[in-house]
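Structure first, commentary second.
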Amino acid sequence: MVRNSKTRCIGILTSGGDCPGLNAAVRAIAKTVIKAYGIRVIGILDGFRGLVENRTVHLENKDVSGILTLGGTILGTSRDKPHKMPMGGKTIDMSDVAVANAKNLHIDCLVCLGGGGTQKNAYRLHKQGGINVLTLPKTIDNDVYGTDVSFGYDTGLQIATEAIDRLHTTATSHHRIIVCEVMGHSAGWLALGAGLAGGADVILIPELPYDLNIVAEYLLERRRSGRRFSIVALAEGAESQEDIKSRQKKKIKKKRSSVNTRIKSISSLKDLDKIDDDQNGTLVVREIQGEERTYHLVQEPKASRVARQLQELTGTEARVTSLGHVQRGGVPSAFDRLLCTRLGAKTGELLAEGVYNVMVAYRGGVCVPVPLEDVAGKRNTVPANHPMIEAARLVGTCLGV
Ligand code: F6P
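Using the numbering used here, read the sequence shown as starting at 24 and increasing by one per residue.
Quick look at the structure:
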């Protein structure tokens with residue numbers, strides 16, 4: 024029997040980087056609202072870009088069958104924001120078009136599945152255009168504010184942990200340092216979680232700027248005590264104290280730090296060396312086309328730089344493994360499937376009750392609505408006194424500080 028509902032039609036989109044669990048959440052929302060409440064569901068393709076470009080599909084129960092375990096998102100995604108949309112070579116504010124299209128679709132609520140940026144973009148559309156929105160927290164980085172956990176994190180954690188497990192055997196055999204770069208630009212949840220679960224010797228995260236000399240001394244001490252290999256779990260956003268200081272001091276010009284910036288005025292190797300010194304970790308690559316010589320600045324990947332520096336400081340051979348998008352691919356873990364199904368079902372209930380402009384969060388073991396205004400623009404980072412940090416310290420893991 025179809026239950027009463029204050030909502031008759033919803034639009035649903037997935038936005039930002041994909042992650043395992045998006046399809047499980049789309050399925051749970053659509054099945055709940057269609058079956059239990061008779062709500063119509065319109066799928067909006069490729070995130071907010073699809074809303075601006077009016078690319079939609081009608082979703083029925085059969086369309087969301089069999090996608091529980093499927094990675095990625097059947098709706099497609101993009102990182103485009105309505106207020107800063109690249110269109111024909113320009114960046115244009117398309118918020119009005121997004122709102123007008125949402126209204127033309129006659130949806131009562133726009134359901135947005137995404138990370139921190141998506142929470143902000145959805146809230147902005149609500150504030151500016153007066154449309155109802157509802158969001159779900161997704162990201163392997165686990166940095167969405169207002170929820171104990173975001174879906175995708177558990178799966179990413181398992182993948183990164185397994186990778187660190189595997190790196191142990193090869194690092195041991197070759198007596199090497201292996202630096203394993205884990206996703207997480209602003210928050211170190213993945214590197215910290217996977218580092219601890221995988222038994223990494225060193226864990227470096229954005230929240231704790233590190234001192235590479237402390238790390239090197241720790242690795243040398245390990246070697247002195249007979250352990251001839253080490254694993255370093257490095258969050259992609261981790262920074263050394265030195266880098267932060269030099270960035271603040273020099274205020275390196277954006278132009279010079281961008282990848283593949285063309286340098287016209289360089290004519291000798293002496294100049295090249297200078298540039299290398301000036302820009303911590305920046306390599307200069309020379310390209311010869313006929314008579315013309317052009318130069319490109321290429322930022323040395325952070326993990327490579329850390330490995331190179333640790334190799335120099337410790338005299339131990341180092342290697343790098345960057346896990347990259349492997350962490351975002353494939354089937355969701357059982358925990359994420361369950362989380363997405365519960366968040367999706369709760370979303371259906373809230374829509375039927377006419378509860379809008381909230382994020383459906385997971386707090387203290389239950390799914391609850393949290394006002395979007397309390398979430399938008401904030402980030403969930405690892406607190407310095409988090410139990411995982413305490414545990415890392417107690418078991419003797421080096422955090423580089
Ligand atoms: O989803 C968040 C995230 O995984 C970040 O940790 C990472 O830096 C970023 O996405 C990269 O995503 P993309 O290459 O899709 O822009």
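Glycine included, every Cβ here is placed at the ideal spot set by N, Cα and C.
Using only alpha-carbon positions, find the residue among the options that is nearest to residue i.
| i | options | result |
| --- | --- | --- |
| isoleucine 254 | Ala214, Ser356, Val391 | Ala214 |
| valine 349 | Arg31, Ile237, Cys42, Phe71 | Cys42 |
| arginine 351 | Thr37, Gly44, Met24 | Gly44 |
| glutamine 151 | Gln181, Gly140, Met117, Pro160 | Met117 |
| glycine 388 | Leu361, Val134, Leu157, Asp86 | Leu361 |
| glutamine 142 | Arg416, Met382, Glu413, Thr420 | Met382 |
| arginine 402 | Gly169, Ala48, Leu128, Arg328 | Gly169 |
| alanine 415 | Gly221, Gln181, Ala125 | Gly221 |
| isoleucine 267 | Tyr233, Asp359, Leu190, Thr37 | Tyr233 |
| alanine 256 | Leu157, Arg245, Ala223 | Ala223 |
| glutamate 76 | Gly260, Val87, Arg63, Gly111 | Gly111 |
| alanine 261 | Ala47, Ser269, Leu227, Arg246 | Leu227 |
| arginine 63 | Cys390, Leu128, Asn124, Leu366 | Leu128 |
| valine 49 | Arg78, Gly73, Ile90, Thr30 | Ile90 |
| leucine 159 | Gly137, Leu180, Gly175 | Gly137 |
Quick one: residues in its chain with C-beta nearer than 7 Å to the C-beta of residue i, no 5 flanking neighbours on either side, listed in chain order?
| i | result |
| --- | --- |
| glutamate 396 | Tyr146 |
| threonine 195 | Phe252 |
| threonine 404 | Asp166, Ser209, Ala210, Glu230 |
| valine 425 | For the chain, the structure presents residues 24 to 424; residue 425 sits outside this window and is missing. |
| glycine 371 | Ile52, Thr55, Val56, Ala59, Tyr60 |
| threonine 100 | Thr37, Ser38, Gly39, Asp41, Asp69, Gly70 |
| valine 120 | Val75 |
| threonine 364 | Ala47, Ala51 |
| glutamate 413 | none |
| glycine 400 | Lys143 |
Cutting at 6 Å between CB atoms, please list the residues of its own chain near residue i, excluding the five before and the five after it.
| i | result |
| --- | --- |
| glycine 140 | Gly39 |
| valine 378 | Pro392 |
| threonine 337 | Ala239, Leu242, Leu243 |
| aspartate 296 | Any reading at aspartate 296 is ruled out, since the residue's pLDDT is 46, under 50, leaving its predicted position unreliable. |
| serine 345 | Glu204, Ala326 |
| valine 25 | Gly61 |
| histidine 149 | Val156, Asn380 |
| valine 202 | Val255, Leu257, Ala326, Val329, Ala330, Val343 |
| aspartate 177 | Ser356, Phe358, Asp359 |
| serine 263 | Tyr233, Leu235 |
What three-state label does DSSP hand residue i in the structure shown?
| i | result |
| --- | --- |
| valine 398 | coil |
| arginine 386 | strand |
| leucine 82 | strand |
| alanine 258 | strand |
| proline 410 | helix |
| glutamate 230 | coil |
| lysine 297 | Below a pLDDT of 50, predicted positions are generally treated as unreliable, and lysine 297, at 44, falls in that range; the measurement from the model is reported next regardless. Of the three classes helix, strand and coil, the one that applies to lysine 297 here is helix, per DSSP. |
| threonine 339 | coil |
| arginine 331 | helix |
| valine 378 | coil |
| lysine 54 | helix |
| leucine 157 | strand |
| lysine 107 | strand |
| isoleucine 163 | coil |
| serine 253 | strand |
| isoleucine 267 | helix |
| serine 345 | strand |
Excluding sequence positions up to five away, which residues of its chain have a Cβ less than 8 Å from the Cβ of residue i?
| i | result |
| --- | --- |
| asparagine 84 | Ala53, Lys54, Ile57, Lys58 |
| cysteine 32 | Ile62, Arg63, Val64, Ile65, Leu128, His129, Ile130, Asp131 |
Check the C-beta distance from residue i over to residue j and give it rounded, since I have them as a contact under 8 Å.
| i | j | result |
| --- | --- | --- |
| alanine 375 | serine 28 | 4 Å |
| proline 109 | phenylalanine 71 | 12 Å between Cβ atoms; not a contact. |
| isoleucine 65 | leucine 82 | 7 Å |
| isoleucine 200 | leucine 333 | 5 Å |
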